[in-house]
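Engineer: One structure is given below, represented as structure tokens, and several questions about it will come after.
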Amino acid sequence: MGRSEEEWEEIRRERRKKRKRQVLMTRLIFGIFLLACVALAAFLIFRTIGSSSGKQNTPGTTDTQGTVSDQQTAVTEKGEDPQTAGTENGAQGETEAVTEVQSETQTEYDASQLTAWEPTKVTHVFFHSLVVDPSKAFSLTGDSGWDSMTPGFCQWMTTVYEFNQMLQQMYDKGYILIDMHEMIDETTDESGTVHVTPKSVMVPNGKIPVVMSFDDLSYYHAYDNRGIASKVVLDENGKPVCEYIREDGTVETGDYDYIPILDKFLEAHPDFSWHGAKGTIALTGYNGILGYRTDIDYKVKEHLMTDQAQWLDAHPDFDWDAECAEARKVAQAIKDDGWVFASHTWGHMHIGDASLEKIKEDTDKWEQYVAPLIGGSDTIIFAHGQDLANWDQDYASTDKFKYLKSQGFDIFCNVDSTQYYVQIGDEYLRMGRRNLDGYRLWQCVYGGKDEVSDLFDASSVIDPDRPSDASFYSL
Ligand SMILES: [Zn+2]
Numbered sequence: 213m214g215r216s217e218e219e220w221e222e223i224r225r226e227r228r229k230k231r232k233r234q235v236l237m238t239r240l241i242f243g244i245f246l247l248a249c250v251a252l253a254a255f256l257i258f259r260t261i262g263s264s265s266g267k268q269n270t271p272g273t274t275d276t277q278g279t280v281s282d283q284q285t286a287v288t289e290k291g292e293d294p295q296t297a298g299t300e301n302g303a304q305g306e307t308e309a310v311t312e313v314q315s316e317t318q319t320e321y322d323a324s325q326l327t328a329w330e331p332t333k334v335t336h337v338f339f340h341s342l343v344v345d346p347s348k349a350f351s352l353t354g355d356s357g358w359d360s361m362t363p364g365f366c367q368w369m370t371t372v373y374e375f376n377q378m379l380q381q382m383y384d385k386g387y388i389l390i391d392m393h394e395m396i397d398e399t400t401d402e403s404g405t406v407h408v409t410p411k412s413v414m415v416p417n418g419k420i421p422v423v424m425s426f427d428d429l430s431y432y433h434a435y436d437n438r439g440i441a442s443k444v445v446l447d448e449n450g451k452p453v454c455e456y457i458r459e460d461g462t463v464e465t466g467d468y469d470y471i472p473i474l475d476k477f478l479e480a481h482p483d484f485s486w487h488g489a490k491g492t493i494a495l496t497g498y499n500g501i502l503g504y505r506t507d508i509d510y511k512v513k514e515h516l517m518t519d520q521a522q523w524l525d526a527h528p529d530f531d532w533d534a535e536c537a538e539a540r541k542v543a544q545a546i547k548d549d550g551w552v553f554a555s556h557t558w559g560h561m562h563i564g565d566a567s568l569e570k571i572k573e574d575t576d577k578w579e580q581y582v583a584p585l586i587g588g589s590d591t592i593i594f595a596h597g598q599d600l601a602n603w604d605q606d607y608a609s610t611d612k613f614k615y616l617k618s619q620g621f622d623i624f625c626n627v628d629s630t631q632y633y634v635q636i637g638d639e640y641l642r643m644g645r646r647n648l649d650g651y652r653l654w655q656c657v658y659g660g661k662d663e664v665s666d667l668f669d670a671s672s673v674i675d676p677d678r679p680s681d682a683s684f685y686s687l
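Heads up: the sequence shown runs through residues 213 to 687, numbered per this note's numbering.
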């Protein structure tokens, strides 16, 4: 059944036509696809410009409550005083929604959406363990109406109520938590020495960087029955929560201190944290860490203070090795949760008054009995508000600095009520911290000395259950 030449030619012509149609169709589909891509890209660019200029809400979000005016992005120009920035930002209101949307896509920020802050314009605030039950911490019962420790708890402690108010107000003003390492670039030379240089802190437009630190997370024996948590434990998901012992001895676990409280706040307000920063937790060692009795004295039963001996008597089954293993596990979970650890010296020492020899003894203990449990630290936060030298002295030339630097510390913190206290030398970041405790709140509300207005309104933050008697707040 042969076909004629004409028939073959007809068939070939048809095939050529068919191929041509196919090519045309493919080109048409490809063209439509290209057009769609261009349209999508244009839409995304428009959306990015729209949200960064703050003139419109991000499309498709359901929790956007209001628009952001141009002011918001202009508020935090480089180096601007956050006191002013915070006030303006706070006065605007309705600004949370957009920043919250941004945080969900934190990795997608481009340069136009970030504001550079000089490290010298970063404020640092600190706390102790929070008071769950003010009636116990600020005990006004007993024969004299109070006991010898009441003034200490009144001055140094912040209540859960106060901490929650502060977080909300700071968040509303635009503050965002950063880690101190954001403020420096670090390089290590051939000899192993770490050198630091100042680095601009880049945070989302409209945000104000703040560092938070927390001292003495040991749950000292002295805190027993003072309405404060007793230890950090892990919940069923391996997340750090706190144990709290009720009057009748009932043990409860939950949000009884700043770790779980801040964690919960950040779950609701993820744009309160930059790069996952939470806080720096400063640890001593003499009563153990995190509520675990990990110091060597509990094992060898030497040099015991009365309260330590009493605790050991009350816990005859105490197993020091198991205690250390548990503390290590909890410390790891706290780090995995985004927190950072620091030294607070082993013995809560007066670093300024102490001899270099005493500092070496103390540091040896910290390195032996605290550092291994937390994986070490490059940060030291001094106790009693002391420091190695005055603010105007040549820090790096002091013997105490040289020694602590040789022990691996690069970041050094003291206590200072000024808004900014940041010094960056070739080998150190030195930072002052503002105490947001009962002493500061009392001074703000009753003492006529408000030094926290850039952060929050002290009179609406102070706990109504906090005693106001001046005698509890005089140092
Ligand atoms: Zn302390």
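Using N, Cα and C, we set each Cβ at its ideal position, and we do this for glycine too. All figures in this text were calculated on a predicted structure; none of them were measured in a lab.
Evaluate Pro676 with the Cβ neighbour count: other Cβ atoms within 10 Å of its Cβ, from every protein chain shown; 16 or more gives buried, anything less gives exposed.
Structural biologist: exposed
Engineer: Along the chain, where does the alpha helix (DSSP H) that runs through Thr518 open and close?
Structural biologist: Thr518 to Ala526
Engineer: With C-beta atoms as the reference, is Pro539 less than 7 Å away from Tyr581?
Structural biologist: Note that residue 539 is Ala in the sequence shown, not Pro. It is not a contact, given that the beta carbons lie outside the stated cut-off.
Engineer: Grab me the residues of Asp397's own chain with a C-beta within less than 6 Å of its C-beta, minus the 5 sequence neighbours each way, in chain order.
Structural biologist: Thr409 and Lys411
Engineer: At a threshold of 6 Å, does Asp638 count as lining ligand 1 (C-beta to nearest heavy atom)?
Structural biologist: no
Engineer: Nearest by alpha-carbon distance to Gly564: which of Trp329, Phe594 and Gln367 is it?
Structural biologist: Phe594
Engineer: So Ile592 is in the beta strand (DSSP E); what residue range does that whole segment cover?
Structural biologist: Thr591 to Ile593
Engineer: Buried or exposed, going by whether 16 or more other CB atoms sit within 10 Å of the CB of Glu394?
Structural biologist: buried
Engineer: Are Gln522 and Thr575 touching if we call contact CB-CB under 7 Å?
Structural biologist: no
Engineer: For the 8 Å Cβ check, are there 3 or more pairs between the stretch 473–487 and the stretch 377–389?
Structural biologist: yes
Engineer: With hydrogens ignored, establish whether the beta-carbon of Asp322 is closer than 6 Å to any heavy atom of ligand 1.
Structural biologist: no
Engineer: Looking only at its chain, what residues have a beta carbon closer than 7 Å to the beta carbon of Gly305, apart from the 5 residues adjacent to it on each side?
Structural biologist: Only weak support exists for where Gly305 lies, its pLDDT of 35 falling under 50; the value from the coordinates is given anyway. Contacts found: none.
Engineer: Within this structure, are the beta carbons of Gly439 and Val343 separated by less than 7 Å?
Structural biologist: yes
Engineer: Would you identify the three-state DSSP class for Asp649, choosing helix, strand or coil?
Structural biologist: coil
Engineer: Is Ala595 near ligand 2 - that is, is its Cβ less than 6 Å away from at least one heavy atom of it?
Structural biologist: What this structure holds is ligand 1, not ligand 2.
Engineer: Nearest to Trp368 by CA position, among Gln655, Ser672, Gly660 and Ser671, is which residue?
Structural biologist: Gln655
Engineer: So does Asp427 have its beta carbon nearer than 6 Å to some heavy atom of ligand 1?
Structural biologist: yes
Engineer: Under a Cβ-count criterion, where at least 16 other Cβ atoms within 10 Å of its own Cβ denotes burial, should His527 be classed as buried or exposed?
Structural biologist: exposed
Engineer: Could you tell me whether the Cβ atoms of Asp199 and His336 are closer together than 7 Å?
Structural biologist: Residue 199 falls outside the range modelled here, since the chain spans only 213 to 687, and no answer is possible.
Engineer: Considering only residues of the same chain and omitting the five flanking positions on each side of Glu663, which have a CB-CB separation below 6 Å?
Structural biologist: Ser629
Engineer: Hey, would you say Ile494 sits closer than 7 Å to Tyr468, going by beta carbons?
Structural biologist: A quick correction: the sequence has Ala, not Ile, at residue 494. Not closer than 7 Å, so no.
Engineer: Per the DSSP calculation, Ile388 is bridged to which residue(s)?
Structural biologist: Pro421
Engineer: What are the residues that DSSP puts in a beta bridge with Glu479?
Structural biologist: Bridge partners of Glu479: none, in fact.
Engineer: Taking the alpha helix (DSSP H) that Ala670 falls in, what are its first and last residues?
Structural biologist: Ala670 to Val673
Engineer: Which of the three DSSP states, helix, strand or coil, is assigned to Phe621?
Structural biologist: coil
Engineer: Using the beta-carbon count (16 or more within 10 Å), is Ala489 buried or exposed?
Structural biologist: buried
Engineer: Using only alpha-carbon positions, find the residue among Ile501, Asp533 and Val406 that is nearest to Ile546.
Structural biologist: For the set Ile501, Asp533 and Val406, the Cα lying nearest the Cα of Ile546 is the one of Ile501.
Engineer: For Tyr615, tell me which candidate among Tyr633, Asp666, Ile592 and Phe684 has the shortest Cα-Cα distance.
Structural biologist: A check of alpha carbon separations from Tyr615 across Tyr633, Asp666, Ile592 and Phe684 identifies Ile592 as the nearest.
Engineer: By how many angstroms is the C-alpha of Gly559 removed from the C-alpha of Arg645?
Structural biologist: 20 Å
Engineer: Residues in the same chain with beta-carbon distance under 6 Å from Val406, minus the five sequence neighbours each way, listed in chain order, please.
Structural biologist: Glu398, Thr400 and Asp622
Engineer: With burial defined as no fewer than 16 other Cβ atoms inside 10 Å of the residue's Cβ, what is the status of Asn602: buried or exposed?
Structural biologist: exposed
Engineer: Is the stretch 599–613 touching the stretch 632–640 in the sense that three or more CB pairs, one from each, lie closer than 8 Å?
Structural biologist: Taking one beta carbon from each stretch, the stretch 632–640 and the stretch 599–613 have 3 or more pairs nearer than 8 Å; the two touch.
Engineer: Just to confirm before moving on: does the CB-CB distance between Asp549 and Pro452 stay below 7 Å?
Structural biologist: yes
Engineer: Would Val445 and Glu455 qualify as a contact pair, given that the criterion is a beta-carbon distance under 7 Å?
Structural biologist: yes
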